[in-house]
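Written below as structure tokens is the structure these notes are about.
Numbering (the working numbering), first residue to last: 8 to 88.
Here you go:
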């Protein structure tokens, strides 16, 4: 279970997509950190992928996934390239 406050924008996104036929897939750019927003999508059944430039932030997000039994993938890349 996600252990941090979910931003209102993400809650509105869920309200919108629950009323549609969108595939449950998400790409999070800047997906790392100790409170990764990608976790919210994974918990709600989305196929979640992320891009992050920082090894440290990727490690933090992966640790969060392991501790909370979540499944998402984050690759190291610079989205500006």
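Backbone N, C-alpha and C fix where the C-beta goes; we use that ideal spot for every residue, glycine too.
query: Where does residue 26 fall in DSSP's three states?
result: The answer is coil: DSSP assigns residue 26 none of H, G, I, E or B.
- request: Whole angstroms is fine: what's the gap from residue 52's alpha carbon to residue 61's?
  value: 26 Å
- prompt: Does DSSP classify residue 17 as helix, strand or coil?
  reply: Residue state, collapsed to three classes: helix.
query: Does the beta-carbon distance from residue 72 to residue 59 come in below 8 Å?
result: no
message: Within a Cβ cutoff of 6 Å, which residues of the same chain sit near residue 56, ignoring the five residues on either side of it in sequence?
response: 34 and 80
- prompt: Can you tell me whether residue 43 is buried or exposed, with buried defined as 16 or more other CB within 10 angstroms of its CB?
  reply: Taking a 10 Å sphere around the C-beta of residue 43, we find 16 or more other C-beta atoms and assign the residue as buried.
- prompt: How would you label residue 41, buried or exposed, when you count the other beta carbons within 10 angstroms and need 16 or more for buried?
  reply: Taking all protein chains in view, the Cβ of residue 41 is surrounded by fewer than 16 other Cβ atoms within 10 Å, so the residue is classified as exposed.
Minimum C-alpha distance to residue 18 - residue among 48, 75 and 83: 48
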